[in-house]
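**Q** Going from the sequence shown to my numbering is simple: count from 1 and add 9. Using N, Cα and C, we set each Cβ at its ideal position, and we do this for glycine too.
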Amino acid sequence: MKTSVIGFPRVGTLRELKFASEKYFRKETGAEELLKEARRLRKTHWTVQKEAGIDYIPCNGFSFYDTVLDTAVLLGIVPKRYQELNLSALDTYFAMARGYQGESGDVKALAMKKWFNTNYHYIVPEAEDDTKIALVGEKLWEEYEEAKALGIETKPVLTGPYTLLKLCRYTGSKTADDFTDAVIAAYQQVLEKCAAHRIMWLQLDEPALVRDLSKEDIALFHKIYENVLPCKKTVRILLQTYFGDVRDIYKDLTELPFDGIGLDFIEGKETVHLIEKYGFPKDKLLFAGLVNGKNIWRNHYDRTLNQLQQLTGKGIQTVLSTSCSLLHVPYTVKHETKLSEKYLDYFAFAEEKLSELRELSGFAENPSYTQESAYKKNSALFVADRDCKNAAVKKRLSEVTEKDYVRLPKRSERQQLQKETFHLPQFPTTTIGSFPQTKDVKQNRAAFRKGEITEQEYTAFNKKKIAECIKKQEEIGLDVLVHGEYERNDMVEYFGEALGGFLFTEKAWVQSYGTRCVKPPVIWGDVYREKPMTVAWSVYAQSLTDKVMKGMLTGPVTILNWSFPREDISIKESISQIALAIRDEVLDLEANGIRMIQIDEAALREKLPLRRSDWDTEYLDFAIPAFRLTHSGVRPETQIHTHMCYSEFTDIIPAIDAMDADVITFEASRSDLQILSALRENHFETEVGPGVYDIHSPRVPSVEEIVQVLEKMLTQIEPDKLWVNPDCGLKTRGIPETEASLINMVQAAKQIRVAH
Ligand code: GLN
Ligand code: ZN
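1. Are I479 and R538 closer than 9 Å when you measure CB to CB?
2. If you draw a straight line from the alpha carbon of A136 to that of P445, how long is it in whole angstroms?
3. Nearest-angstrom Cα distance between E594 and G277?
4. Flag this pair as yes or no: are the beta carbons of K202 and V300 separated by less than 9 Å?
5. My output table needs one value for G642: the three-state DSSP class, helix, strand or coil.
6. Look at L174 and K241 and say whether their C-beta atoms are less than 9 Å apart.
7. At a cut-off of 8 Å, is A611 close to the ligand ZN when judged by its beta-carbon and the heavy atoms of the ligand?
8. Does any residue of chain D have a CB that is nearer than 9 Å to the CB of L512?
9. Do A635 and I662 have their C-beta atoms within less than 9 Å of each other?
10. Is it the case that the Cβ atoms of N308 and A359 are separated by a distance below 9 Å?
11. So is the beta-carbon of I441 under 8 Å away from any non-hydrogen atom of the ligand ZN?
12. Unbroken alpha helix (DSSP H) runs of length 4 or more, entirely within the segment 388 to 470: which are they?
13. With DSSP as the reference, identify every bridge partner of G493, one or two as the case may be.
14. Roughly how many angstroms lie between the CA atoms of A204 and E154, to the nearest whole one?
15. Less than 7 Å between C-beta atoms, sequence neighbours within five positions excluded: which residues of the same chain meet that for Y549?
16. If distances are taken between C-alpha atoms only, which option among D138, E483, S330, T447 comes closest to F3?
17. Report the rounded CA-to-CA distance for V491 versus S182, giving the unit in angstroms.
18. When every heavy atom of the ligand GLN is checked, does at least one fall within less than 8 Å of the C-beta of Q607?
19. Going along the chain, which residues of its own chain have a beta-carbon closer than 6 Å to the beta-carbon of T438, five neighbours each way excluded?
20. Judging by CA-CA distance, which residue of V342, Q316, F289 is the nearest neighbour of W306?
21. Would you say the beta carbon of G85 is closer than 8 Å to some non-hydrogen atom of the ligand GLN?
22. Going straight from the alpha carbon of E690 to that of D660, what length do you get?
23. By the 10 Å Cβ neighbour count, where 16 or more other Cβ atoms means buried, how is F74 classified, buried or exposed?
24. Where in the segment 303 to 375 do unbroken runs of the alpha helix (DSSP H), each at least 4 residues long, occur, reported from the N-terminal end onward?
25. I'd like the list of long-range same chain contacts for D64, defined as Cβ closer than 7 Å, with 5 residues on each side in sequence excluded.
26. May I ask whether a heavy atom of the ligand GLN can be found less than 8 Å away from the beta carbon of E494?
27. With respect to 8 Å, is the separation between the Cβ of H652 and the closest non-hydrogen atom of the ligand GLN below this value?
28. Express the C-alpha separation of A588 and K232 in angstroms, rounding to a whole number.
29. With distances taken between CB atoms, is the gap from E225 to L248 smaller than 9 Å?
30. Leaving out the 5 sequence neighbours to the left and right, which residues in its chain are closer than 6 Å to F573 when beta-carbon positions are compared?
31. Taking contact to mean 3 or more Cβ pairs, one atom from each stretch, closer than 8 Å, check whether the segment 609 to 616 and the segment 565 to 582 are in contact.
32. Going by other Cβ atoms of all chains shown within 10 Å of its Cβ, with 16 needed for buried, is A611 buried or exposed?
33. Kindly examine the ligand ZN and report whether one of its heavy atoms sits closer than 8 Å to the Cβ of G738.
34. Let me know if V763 comes out buried or exposed under the rule of 16 or more other beta-carbons within 10 Å of its beta-carbon.
35. Tell me which residue opens and which closes the beta strand (DSSP E) that D535 is part of.
36. Determine, using beta carbons only, whether D666 and T639 come nearer to each other than 9 Å.
Here's what the structure looks like:
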């Protein structure tokens, strides 16, 4: 049986691409060096897959930032404002991804959004009315030839035309319909060019097919592929889907002249059922996504082999595949030196998944596979329970009642009370929590970790940083202060380390966006709070200022969504366990004199099912109450903030209001403030701080620009409900731009106070 990989991580085992790119951004190296490093990484990644015996190895999955952006550039979807900078191709690309401020001009980055239900973010291509969509790039073929020159036959991967049309933003009066013909023509050319290069397989990624599809969507899909597929000549087309099942279009897919169809058997609840109901054509290959590309647990061979047998038993030509790109898991367990075998035996990261593919494909054709040692080793993992249960956690959860989910009195009363307590000016200014994580901050943490400095030294350094940060904020004139989060490597890892039930890796990085990677912890067992996590830092910070200091926590939904979850208990149960642990911390902060507490739910939307019909029952019905459980125990005067980022949430506004926070800050500057009118239409009750500038870019917003943004916000938001803040934490920024931006922000708030 052959094996296929949908996509492979691209930043490098030790984040080499990140470091090379950042060096380039800082102008410490030239483009040549960056390109060279990229070539080296591609070679490594192809070779690893080749040596693992993978048959369908992806290419064109490499990216300097994001593959959707790569596709946009390949097809000439480059807004005028970037072209007009007249930069090199590489720098134009980075300007779209990160914004540009320099000699050639001043433009913001394109919007960034979560990639379906993952924590990866893609760049949203923008089609303007006069954008001419046409094949103009070479990247796909360059990478294909590059691999070929290394003796590796690859399967190029490209965002499919349907998904591309769905993900684009149309900024003028034209809509997707107006661009369909151009997109069709461009993909026809792509296929022809693939044929000219004698490419054997082209993988077109169409994850947008796992959403709810309307009649019009299906018609559009038909129109596209009925026109594109006739150009394939000798190229075989793999229509690849992932992150769910394709129940609305399955039959159509089997009838169109694709050569292979990739289906997700892990997240696709209906996949097996669809095949049973409609069959699968004998003349096509089924790329069966049975090795989970999103989670780190070892594949249960017995179960997978059974599923493979069912398929081959039906006479289906089956290729064993990952369920989605391996981009969403770390590289390898090989660099993990601290976790014992007891744990590591249960893990399979990208490279280990390659071995799983190879072993499984061998077993699928070996009648006596049960005698193989690899099979026996795998089976042994699943016969007994892992050592991960905690009776006290179970008991406590069983004792939670309905009233634990309700905070009293109701929010409108609290808001009145809080205004009297805090005496904040109108349009209070604040930040989201973190301040720049400069080299010294990271070095201090690293030195402590390595045992090079004592705990006292570590703490003393952070205290000094906190004191400086508070002094700066006071000088800048911010109203509600933060301590700066210098003790945190990451907003989830930090909490996971202080909670029972989590495991940590050393090098298990996963790309979140561009050069930013995260190291998600693993939820190994039942979760509980072992000890206070933030109290000492917050209390110290509050002791240094007369202004209000916000306590800073991460919420249960985000902790779960940014960890690798268990597969042996439900998401609901895991979230509830974490909620109780955070509740302990919230009450502890309050008892220690902290009067505002922000509970970040940056990733709230992330696990929202891709089909609307599943939103409530499979997610919101337990995720929102879990958040309420964290704060329902505080006094009416204690102000609860929450924060969300990079997401669209226009469609879940009532659910967000039902989190019952007093204040929410969120990312808005990269999405053109579209959310504001939706807030008004939904009679949103929570006070709001839509981000007034984009922190994902080093660009400094001017006072006038922020004033304009605030004026726009005030057309939709009541003046006594509006907060003024950046759109996310400042940890990835440098100090100069941070201070300059915040000074402008405070100035803008002052001007607005005079005007209103
Ligand atoms: N409080 C966190 C910070 O400022 C929030 C980060 C986030 O939303 N991703 O860093
Ligand atoms: Zn954020």
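**A** Quick answer:
1. Not closer than 9 Å, so no.
2. So the alpha carbons of these two residues sit roughly 34 Å apart.
3. For E594 and G277, the distance between alpha carbons rounds to 37 Å.
4. With respect to the 9 Å criterion, K202 and V300 are not classified as neighbours on the basis of their beta carbons.
5. Three-state result, G642: coil.
6. Their beta carbons are not under 9 Å apart, which means L174 does not touch K241 by this criterion.
7. For A611, the Cβ falls inside the 8 Å cut-off from some heavy atom of the ligand ZN.
8. No chain D appears in the structure shown, which is made up of a single protein chain.
9. A635 places its beta carbon 9 Å or farther from that of I662.
10. Contact: no.
11. Distance from the C-beta of I441 to the nearest heavy atom of the ligand ZN is below 8 Å.
12. Entirely contained in the segment 388 to 470, the alpha helix (DSSP H) runs reaching 4 residues are, in chain order, 400 to 407, 420 to 431, 448 to 458.
13. Beta-bridge partners assigned by DSSP to G493: S443.
14. Cα to Cα, the separation comes out at about 13 Å.
15. In the same chain as Y549, and ignoring 5 residues on each side of it, the C-beta atoms closer than 7 Å to its own belong to K472, I475, in chain order.
16. No statement about residue 3 is possible, as the shown extent of the chain runs from 10 to 765 and does not include it.
17. Cα to Cα, the separation comes out at about 43 Å.
18. Of the heavy atoms belonging to the ligand GLN, at least one sits nearer than 8 Å to the Cβ of Q607.
19. Sequence-distant partners of T438 (beyond 5 residues in either direction) whose C-beta falls short of 6 Å from its own C-beta, in its chain, are L487, D488, V733, V755, A758.
20. Out of V342, Q316, F289, V342 has the C-alpha closest to the C-alpha of W306.
21. Outside the cutoff, so no.
22. Taking the straight line joining both Cα atoms gives about 11 Å.
23. The question names Phe, but residue 74 is Tyr in the sequence shown. Residue burial is scored here from C-beta neighbours: Y74 has at least 16 other C-beta atoms within 10 angstroms and is therefore classed as buried.
24. Within the segment 303 to 375, complete alpha helix (DSSP H) segments of at least 4 residues are found at 310 to 322, 350 to 353, 359 to 373, given in chain order.
25. Once the five neighbours on either side are set aside, the close Cβ partners of D64 are K11, T12, S13.
26. Checking the Cβ of E494 against the ligand GLN gives yes.
27. Yes; taking the cut-off as 8 Å, the Cβ of H652 has a heavy atom of the ligand GLN nearer than that.
28. Cα-Cα distance, rounded: 48 Å.
29. Between E225 and L248, the C-beta gap is not smaller than 9 Å, which leaves the two residues out of contact.
30. Excluding sequence neighbours, F573 sits near N304, I305, P529, V531.
31. Three or more beta-carbon pairs drawn from the segment 609 to 616 and the segment 565 to 582 are found closer than 8 Å, and the two stretches are therefore classed as touching.
32. Here A611 is buried, its C-beta having at least 16 other C-beta atoms within 10 Å.
33. In terms of side-chain proximity, the C-beta atom of G738 is found nearer than 8 Å to a non-hydrogen atom of the ligand ZN.
34. That one is exposed.
35. Here the beta strand (DSSP E) through D535 covers 531 to 538.
36. Not closer than 9 Å, so no.
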